[in-house]
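Just so we're aligned: the sequence shown equals residues 82 to 233 in our numbering. Written below as structure tokens is the structure these notes are about.
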Amino acid sequence: MPPDLLSPDARVARAEIIERSLQAVADRVGDPGQQVYARLFELLPESEALFIRDHQGQVRAEMLQRAFETVLDLVQDGHFARGMLHAEYVNHRQIGVPDGAYDVFFTAMVDAFRNLLGADWGSEEEEAWRSVRDEIASIVHRAEAAFNGTSA
82 MPPDLLSPDA RVARAEIIER SLQAVADRVG DPGQQVYARL FELLPESEAL FIRDHQGQVR
142 AEMLQRAFET VLDLVQDGHF ARGMLHAEYV NHRQIGVPDG AYDVFFTAMV DAFRNLLGAD
202 WGSEEEEAWR SVRDEIASIV HRAEAAFNGT SA
């Protein structure tokens, strides 16, 4: 079911699952950045070159922190997240990030979480994160249409 059609109770449940899974990842490994970016570079090898000057990993850490903040806002009211995703899509396109990279990034994040949590990752987490990724894809699709001057 599209996220904008979720009932208020379903949105609350989804938010709780997302928050719980993020906390479980933090409890398990602290910072999952290494796992997320390893998976991203596996799925989208050309993206690694975009971080060539990020020797200390500060850009990657900041980007992942923003992704967490955006996801957490999105599963609540989403006012910040929608604007943030739109603006960052445009910013990233202007520095050479290819179309589809947002989907790959969030897929890499979910893949890393699934791997880190192992048996503690179930169908609830899978469905909640799929719903979040679908919602992000919808927002990015509209941003892409605006960026390219086409209709969404």
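Glycine residues also receive a C-beta, built at the ideal position from the N, C-alpha and C atoms.
Neighbourhood of residue i by C-beta distance below 7 Å, restricted to the same chain and skipping five residues each side
{"i": "Ser204", "result": "none"}
{"i": "Arg141", "result": "Gly114, Tyr118, Phe132, Asp135"}
{"i": "Asp192", "result": "Arg120"}
{"i": "Leu124", "result": "Val185, Thr188, Ala189"}
{"i": "Arg174", "result": "Phe228"}
{"i": "Val178", "result": "Leu131"}
Where residue i sits in the DSSP three-state scheme
{"i": "His167", "result": "helix"}
{"i": "Gln157", "result": "coil"}
{"i": "His136", "result": "coil"}
{"i": "Ser88", "result": "coil"}
{"i": "Gly111", "result": "coil"}
{"i": "Leu103", "result": "helix"}
{"i": "Leu125", "result": "coil"}
Sequence-distant residues of the same chain with beta carbon closer than 8 Å to residue i, five excluded per side
{"i": "Phe161", "result": "Glu150, Thr151, Asp154"}
{"i": "Arg147", "result": "Met165, Glu169"}
{"i": "Phe122", "result": "Ser128, Glu129"}
{"i": "Val110", "result": "Gln116, Leu197"}
Exposed unless 16 or more other CB atoms sit within 10 angstroms - verdict on residue i
{"i": "Glu143", "result": "exposed"}
{"i": "Ser212", "result": "buried"}
{"i": "Val156", "result": "buried"}
{"i": "Glu97", "result": "exposed"}
{"i": "Ala226", "result": "exposed"}
{"i": "Glu206", "result": "buried"}
{"i": "Ile99", "result": "buried"}
{"i": "Ala200", "result": "exposed"}
Element boundaries [alpha helix (DSSP H), containing residue i]
{"i": "Val213", "result": "204-229"}
{"i": "Val178", "result": "First-last for Val178: undefined, no H or E at that position."}
Same chain, Cβ closer than 6 Å to residue i, neighbours up to 5 away in sequence not counted
{"i": "Trp210", "result": "Val191"}
Should the region 120-128 be called in touch with the region 93-104, which here means at least 3 C-beta pairs below 8 Å?
-> no
### Task
May I ask you to verify whether the region 172-189 touches the region 212-222, counting CB pairs closer than 8 Å and requiring at least 3?
yes
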